[in-house]
Amino acid sequence: MGIGPEIFPVSTTSASGSTTATVDPSPNCNQACPDDYEPVCATDGNTYSNSCKLGVAACQYPTEGLAKNADGPCKQLETKSSSSRSLWGKESGF
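Written out as structure tokens, the structure is:
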């Protein structure tokens, strides 16, 4: 399963002949995802437990522009005092 919506070609016929258009189907924002823990870091700085759950969150919050930033959990940022501070570090409930 990809993160983004799928686009399907649709053939339509008019008086002038046949044309092809693309249709963006309604996304399934309530898709059931597996409980597999294969963490991904998203562009919002949250760690999602797998790509499917990130996809559902992206569908539910389309204005956020969520996408996968990296495989694995989001990294922590080291501060100058050499103590670890989480820049993102939040684990999403999705």
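Counting along the sequence shown from 1, when you hit position 42 you're at 42 in UniProt numbering, and nothing is skipped either side. Beta carbons: idealized from backbone N, C-alpha and C, even for Gly.
Item: Which value, in whole angstroms, describes the spacing of the CA atoms of N30 and D36?; Value: 17 Å
Item: Return the CA-CA distance between residue 102 and S51, expressed in angstroms with no decimal places.; Value: No statement about residue 102 is possible, as the shown extent of the chain runs from 1 to 94 and does not include it.
Item: Taking the alpha-carbon positions, what's the C41 to C74 distance?; Value: 5 Å
Item: Taking the straight line between their C-alpha atoms, what separation do you get for Q76 and V56?; Value: 25 Å
Item: If you follow the beta strand (DSSP E) that K53 is in, where does it begin and where does it stop?; Value: Note, K53: premise wrong, no beta strand (DSSP E); alpha helix (DSSP H) at 51-60.
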